[in-house]
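One structure below.
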Amino acid sequence: ENFQQRNIQLIQSIKEFLQEDESLFNKFKTYSGQFRQGLISAEQYYQSCQELLGENFKKIFNELLVLLPDTAKQQELLSAYHDLKAKAPAGSSPSPLSRSRKNRKGVWQAEPASSELDCCVCPTCQQVLTQQDLLSHQALHLEEDEFPSLQAISRIIS
Numbered sequence: 015e016n017f018q019q020r021n022i023q024l025i026q027s028i029k030e031f032l033q034e035d036e037s038l039f040n041k042f043k044t045y046s047g048q049f050r051q052g053l054i055s056a057e058q059y060y061q062s063c064q065e066l067l068g069e070n071f072k073k074i075f076n077e078l079l080v081l082l083p084d085t086a087k088q089q090e091l092l093s094a095y096h097d098l099k100a101k102a103p104a105g106s107s108p109s110p111l112s113r114s115r116k117n118r119k120g121v122w123q124a125e126p127a128s129s130e131l132d133c134c135v136c137p138t139c140q141q142v143l144t145q146q147d148l149l150s151h152q153a154l155h156l157e158e159d160e161f162p163s164l165q166a167i168s169r170i171i172s
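15 is the number of the first residue of the sequence shown in the working numbering; add one for each residue after it.
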């Protein structure tokens, strides 16, 4: 709903964390563009941003992830996050309990609390969402079910 405002807020936070250094912010924008264009992997993107932003990267990662407009890129970045967490030294990796919970098939798959992310994955379209965006997103899918597009109807008929 308020994605434009949240994007502006995210950019502002990143600039603040980079101490308004325009060259560092341009580096961040370059990494982001390369990731979106498929020039660097999600893992490379995550690590580059982490190097650039340091500890502050944790503070913005969740919002960066859910505001990505490309669902496939969200999934890549979420996987990279989990892979890197699993490779991290003991104590910072998800516990076996959270791992098994992640693999459990639920309607809405919430990320384990230990992962520090406040997000869930929509089983219908695989979009990564914050808990706050969940209800409005569910409503969109219900609307689509009740009022399918002509394109969806033509697939059903043919």
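Cβ coordinates follow ideal geometry from the N, Cα and C atoms, glycine included.
Please name the residue or residues paired with Thr-138 in a DSSP beta bridge.
-> Here residue 138 corresponds to residue number 124 of the sequence shown, with the count starting at 1. Note: Thr-138 sits in no beta bridge, so no partner.
Close Cβ partners of Asn-21 (< 8 Å) along its chain, the five nearest in sequence each way excluded = Here residue 21 refers to the residue found at position 7 of the sequence shown. Closer than 8 Å at the Cβ level, and outside the excluded window around Asn-21, lie Leu-81.
Distance, Cα to Cα, Arg-113 vs Leu-131?
-> Working through the sequence shown from its first residue, we reach residue 113 at position 99. Working through the sequence shown from its first residue, we reach residue 131 at position 117. Here Arg-113 scores only 35 on pLDDT, less than 50, and its place in the model should not be relied on; the value that follows carries that caveat. Computed Cα separation, rounded: 14 Å.
Three or more beta-carbon pairs under 8 Å between the stretch 65-78 and the stretch 49-56, yes or no?
-> no
Local conformation of Leu-53 per DSSP, three classes = Numbered from its first residue, the sequence shown carries residue 53 at position 39. Coil, per DSSP.
Give the straight-line distance between the Cα atoms of Thr-173 and Tyr-60, rounded to the nearest whole angstrom.
-> As shown, the chain starts at 15 and ends at 172. That puts residue 173 outside it, with no answer to give.
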